[in-house]
């Protein structure tokens with residue numbers, strides 16, 4: 006303990022503490038988490054539930070020689086504290102500061118960087134194989150919880166882990182009965198039964214030894230059980246019962262998600278994109294009894310709480326199972342419904358094959374609503390929705406929309422659910438929705454936001470970057486036309502016709518440059534022999550670190566000042 010901050014210099018220091026001292030440390034860690042995470046934002050509820058468990062893990066195992074994996078990685082805050090990073094928690098999720106997930110660049114104790122759920126058991130299987138081949142006496146421990154066991158990858162990994170009874174992997178099931186919200190499905194029901202019975206269970210049936218359940222907040226009991234698991238010398242699952250949000254009354258009273266994640270205290274009262282979607286999809290649901298919603302353990306974060314309250318039989322939460330969500334939606338569409346799959350953009354990456362082969366190949370009317378598209382900010386590289394707008398345009402028959410403001414989100418969502426011959430996608434960022442931006446006129450599907458008959462420059466403003474493009478147009482001392490394509494895939498012929506009337510066309514988008522709209526505009530112009538120069542202002546094909554959305558856009562020249570500077574350079578190059 007140093008300066009009142011609940012940390013130890015490293016895991017080895019825990020060995021010197023008595024059980025009463027460890028219990029006191031756990032309480033101070035909870036107070037510390039509530040204070041720091043309330044200021045910076047982050048995953049509060051899951052970490053309040055894993056304090057004693059993480060202490061016990063670091064007392065029984067010797068990290069980093071013994072590998073500790075957390076699934077999902079947002080449960081690793083206490084692990085960070087115990088491995089010497091408590092003094093940096095004021096920088097959590099801030100530019101240049103601590104990541105909200107395990108980070109290999111931060112500490113040798115962070116072996117993987119994982120925020121997408123249900124992956125740790127596959128990592129553990131591979132690590133155990135590698136250690137066996139290299140004859141290294143190292144233990145592999147995977148803490149799986151907060152709903153991760155609802156994901157199919159876990160069961161694929163368990164199938165392989167169980168096939169090698171002499172290759173030990175220790176699986177610690179952090180059973181808090183929840184993911185983002187109460188965990189759903191048959192697996193959750195089976196775990197609930199195991200809480201109250203010692204009967205043979207499905208883990209033993211596939212060849213994995215089962216221990217527990219054990220109180221996940223009782224450090225002596227946890228240590229005893231963990232040592233017992235380590236002595237088994239075979240794949241073993243230790244079932245720990247924890248309480249998400251433990252020790253913080255506000256979290257314990259939150260029946261929806263136990264304060265799963267909190268935002269920093271910024272005082273903002275502007276409606277978010279998610280809130281606008283939540284309002285409009287409920288209105289659509291009232292008009293269209295065939296519209297149903299599918300989500301992968303994200304009903305409330307993705308904006309479906311109101312729809313679920315008004316139409317409880319028309320929302321299907323499939324757990325953390327994105328591949329199943331998409332193909333299940335395909336089945337709903339074949340059955341005559343119009344499913345709306347509400348999902349974070351980064352998580353749709355996990356189900357691209359299903360979208361391509363199970364939805365698009367069948368030309369099914371499924372609408373995907375991608376929250377957290379583009380730059381998300383503090384959640385970091387694994388949560389930026391940078392790839393969907395580059396990947397999805399290659400899907401035959403898919404239509405992709407990027408609304409610039411709340412009115413256009415409502416408008417485009419309604420247009421999307423009217424499409425009956427293929428998939429549609431509507432994407433928006435994690436941010437306040439901003440002001441409404443009126444159009445001067447519409448040409449094809451495009452909205453012309455600013456027009457000058459003498460303009461040599463056409464700014465193609467994709468989605469919420471329209472506001473920055475209009476500001477840049479004001480700042481440039483050359484005539485500029487600004488257009489919002491609304492539907493960015495396929496490329497609207499009206500947009501190409503408009504582009505041909507200018508010397509320079511610049512598409513401004515917060516997606517990766519390969520596959521971006523600007524490149525597809527350039528291809529279309531080249532195909533008709535146009536001499537118009539087309540450029541893309543977008544993100545590089547790299548993993549962008551965490552910072553605020555505004556900081557990241559500024560760093561990559563996607564704010565008004567950056568757009569202005571780059572346009573002038575491009576014009577100078579054309580002279």
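Numbering (our numbering), first residue to last: 6 to 580. Every residue gets a Cβ at the ideal spot worked out from N, C-alpha and C, and that includes glycine.
Anticipated Cβ contact below 8 Å, residue i with residue j, distance rounded
{"i": "residue 474", "j": "residue 568", "result": "6 Å"}
{"i": "residue 292", "j": "residue 380", "result": "That pair is no contact at about 33 Å."}
{"i": "residue 224", "j": "residue 57", "result": "5 Å"}
{"i": "residue 75", "j": "residue 84", "result": "6 Å"}
{"i": "residue 357", "j": "residue 325", "result": "About 17 Å separates the two Cβ atoms, so there is no contact after all."}
{"i": "residue 175", "j": "residue 235", "result": "7 Å"}
{"i": "residue 517", "j": "residue 391", "result": "5 Å"}
Cα-Cα separation, residue i to residue j
{"i": "residue 462", "j": "residue 511", "result": "8 Å"}
{"i": "residue 181", "j": "residue 25", "result": "24 Å"}
{"i": "residue 343", "j": "residue 371", "result": "6 Å"}
{"i": "residue 178", "j": "residue 242", "result": "7 Å"}
{"i": "residue 494", "j": "residue 100", "result": "33 Å"}
{"i": "residue 160", "j": "residue 128", "result": "13 Å"}
{"i": "residue 560", "j": "residue 543", "result": "11 Å"}
{"i": "residue 540", "j": "residue 322", "result": "41 Å"}
{"i": "residue 482", "j": "residue 503", "result": "21 Å"}
{"i": "residue 230", "j": "residue 214", "result": "13 Å"}
{"i": "residue 387", "j": "residue 522", "result": "23 Å"}
{"i": "residue 247", "j": "residue 499", "result": "57 Å"}
{"i": "residue 142", "j": "residue 238", "result": "11 Å"}
{"i": "residue 186", "j": "residue 165", "result": "Residue placement at residue 186 is poorly supported in this model, since its pLDDT is 48, which falls under 50; the coordinates still yield a value, given next. Their backbone Cα atoms lie some 29 Å apart in a straight line."}
{"i": "residue 134", "j": "residue 403", "result": "41 Å"}
{"i": "residue 309", "j": "residue 531", "result": "43 Å"}
{"i": "residue 29", "j": "residue 126", "result": "32 Å"}
{"i": "residue 446", "j": "residue 339", "result": "38 Å"}
{"i": "residue 450", "j": "residue 488", "result": "11 Å"}
{"i": "residue 68", "j": "residue 16", "result": "8 Å"}
{"i": "residue 122", "j": "residue 298", "result": "21 Å"}
{"i": "residue 173", "j": "residue 33", "result": "34 Å"}
{"i": "residue 163", "j": "residue 464", "result": "51 Å"}
{"i": "residue 96", "j": "residue 425", "result": "48 Å"}
{"i": "residue 295", "j": "residue 423", "result": "11 Å"}
Where residue i falls, given that 16 or more other Cβ within 10 Å makes a residue buried
{"i": "residue 184", "result": "Residue confidence for residue 184 is low, a pLDDT of 44 falling below 50, so the modelled location carries little weight and cannot support an answer."}
{"i": "residue 249", "result": "buried"}
{"i": "residue 88", "result": "buried"}
{"i": "residue 557", "result": "buried"}
{"i": "residue 328", "result": "buried"}
{"i": "residue 107", "result": "buried"}
{"i": "residue 7", "result": "Residue placement at residue 7 is flagged as unreliable, the pLDDT there being 40, under the threshold of 50; a coordinate-derived value is accordingly withheld."}
{"i": "residue 477", "result": "buried"}
{"i": "residue 59", "result": "buried"}
{"i": "residue 21", "result": "exposed"}
{"i": "residue 9", "result": "Below a pLDDT of 50, predicted positions are generally treated as unreliable, and residue 9, at 46, falls in that range; no measurement from the model is reported."}
{"i": "residue 497", "result": "buried"}
{"i": "residue 413", "result": "buried"}
Proximity test, Cβ basis, 8 Å: residue i and chain B
{"i": "residue 206", "result": "Chain labels in this structure do not include chain B; a single protein chain is all it has."}
Boundaries of the alpha helix (DSSP H) in which residue i is found, first to last residue
{"i": "residue 24", "result": "24-45"}
{"i": "residue 352", "result": "350-353"}
{"i": "residue 533", "result": "Element bounds for residue 533: n/a, residue is neither H nor E."}
{"i": "residue 65", "result": "56-65"}
{"i": "residue 336", "result": "327-339"}
{"i": "residue 496", "result": "Where residue 496 is concerned, there is no enclosing alpha helix (DSSP H), given that its DSSP letter is neither H nor E."}
{"i": "residue 309", "result": "That residue, residue 309, is in no alpha helix (DSSP H); it is neither H nor E in DSSP."}
For residue i, the first and last residue of its enclosing beta strand (DSSP E)
{"i": "residue 549", "result": "Residue 549 -> no beta strand (DSSP E), and no H or E assigned at all."}
{"i": "residue 76", "result": "72-76"}
{"i": "residue 451", "result": "451-455"}
{"i": "residue 244", "result": "241-246"}
{"i": "residue 298", "result": "296-300"}
{"i": "residue 218", "result": "214-220"}
{"i": "residue 322", "result": "320-322"}
task = Give, in chain order, every unbroken run of the beta strand (DSSP E) that is at least 3 residues long and sits entirely within the region 77-124.
result = Those beta strand (DSSP E) runs which fall completely within the region 77-124 and span 3+ residues do not exist here.
Could you give the uninterrupted runs of the beta strand (DSSP E) lying entirely in the region 357-441, keeping only those of 3 residues or more? Taking 3 residues as the minimum length, the beta strand (DSSP E) runs contained wholly in the region 357-441 are 372-376, 404-406, 429-432, in order along the chain.
Return the chain-ordered ranges of every alpha helix (DSSP H) run that is complete within the region 116-182 and spans a minimum of 4 residues. The region 116-182 is shown to contain whole alpha helix (DSSP H) runs of 4 or more residues at 125-138, 157-167, in chain order.
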